[in-house]
Amino acid sequence: MSLYALRRLGRPGQLRKVLVERGTEPMHLNLLSVFVALFGSYRAKVDFDLVVRQQYAFPILYAADMAKRYGYKAVTIIEFGVAGGAGLMNMCEIAKRTTKATGIEFRVFGFDTGTGMPPAIDYRDLPESFQAGDFPMDQERLREALPDFAELVIGDIADTVPAFCKTLTEDAPVGFVAIDVDYYSSAKKTLEILKGAPEHYLPIVPVYLDDIGVDGSNPWTGELLAVKEFNEENALRKIAPFTLLRSQRIFKNTQWIDRMFAAHIHDHALRSPENKREPQRSLPNEYINWRSKDTADAS
């Protein structure tokens with residue numbers, strides 16, 4: 091992975107991105123990152139954004155931790171918009187490392203037309219940035235490279251997503267969805283993945299929206315428009331920015347944080363008042379303790 095990371099630095103704009111995101115962070119954190127890179131656990135490397143595609147590493151580990159908390163043994167994770175397949179293969183590698191760290195198994199699925207992007211419908215699809223035929227795939231070569239726990243789902247998302255939803259089970263609920271389909275029209279079809287039976291999902295599903303960083307993206311175009319309409323159309327399923335994520339991260343200037351959202355499955359049984367946690371929580375009152383001690387000392 092380290093050689094792969096070095097090769098990625100050669101991509102246009104990648105070195106500048108790293109300099110902006112990491113070079114503007116405190117020096118002591120960057121120095122500490124060297125130690126973590128050499129000797130840290132996998133979880134520490136995720137915390138320090140040292141895993142290639144942090145936008146996949148964080149939500150996959152988050153999903154594994156949530157699955158473990160609620161007693162699941164496996165989780166389904168999905169990438170929409172596979173293109174050449176580098177992201178999907180990276181997702182598989184991260185899934186393997188996360189399984190080793192947590193014991194949670196993963197089912198990985200990559201959805202794509204297999205033939206590149208379809209024609210744009212209108213301005214909402216950001217045709218100034220994307221067009222028909224962009225991002226084709228070598229299906230045969232990619233299938234051969236994928237591990238046995240990963241699968242390509244090829245075809246029009248309008249057809250493949252509803253069919254796929256029928257195969258979901260509560261034994262391996264959906265725990266992470268990455269959306270990299272560029273168009274509004276494609277993203278809207280993609281979000282149908284979140285409309286299945288509540289038990290087929292974790293209570294909170296991280297959702298990565300890759301293309302909201304395009305200059306023309308706004309709440310009236312692209313993936314943000316698809317999310318806006320999803321929220322308007324669904325009373326008990328809502329997609330919102332991941333709560334307080336930036337304040338929880340060690341490195342705060344990285345772009346992926348702004349692209350990380352969460353689908354809230356409000357009709358999930360685990361989010362019902364009928365679901366009782368054990369043990370019940372209580373909060374100590376240190377002021378009472380101090381006052382009692384002060385009174386005893388005075389006497």
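Quick note, the numbering used here runs 90 ahead of the 1-based positions in the sequence shown.
All C-beta atoms, glycine included, are put in the ideal place defined by N, C-alpha and C.
Please read these numbers as outputs of a predicted model, since none were measured by experiment.
Identify which residue in Ile378, Tyr213, Val126, Gln144 has its Cα closest to the Cα of Ile184.
Gln144
Comparing C-alpha positions only, which one of Tyr132, Ser131, Val142, Arg133 sits nearest to Thr344?
Val142
So if DSSP puts Arg327 in a beta bridge, which residue, or which two residues, is it bridged to?
Ile355
Host beta strand (DSSP E) of Gly200 (start-end)
195–202
By alpha-carbon positions, which one of Arg233, Met227, Val124, Lys279 ends up nearest to Asp249?
Lys279
Straight-line gap, Arg336 to Asp137 (C-alpha atoms, nearest Å):
12 Å
On the criterion of 16 or more Cβ atoms from any shown chain inside 10 Å, does Lys135 qualify as buried, or is it exposed?
buried
Which same chain residues, not among the five before or five after Val110, have their C-beta less than 6 Å away from its C-beta?
none
Kindly indicate which three-state DSSP category Tyr273 falls into: helix, strand or coil?
coil
Does DSSP put Glu319 in a helix, in a strand, or in coil?
helix
Considering only C-alpha positions, which residue in the set Asp246, Thr333, Pro237, Ala359 is nearest to Ile347?
Thr333
Quick one: what does DSSP say Met91 is sitting in, helix, strand or coil?
Note on Met91: pLDDT 45, under 50, position unreliable in the model; the coordinate value appears next. Residue state, collapsed to three classes: coil.
Taking only the alpha-carbon atoms, compute the straight-line gap between Phe341 and Ala262 and give it to the nearest angstrom.
31 Å
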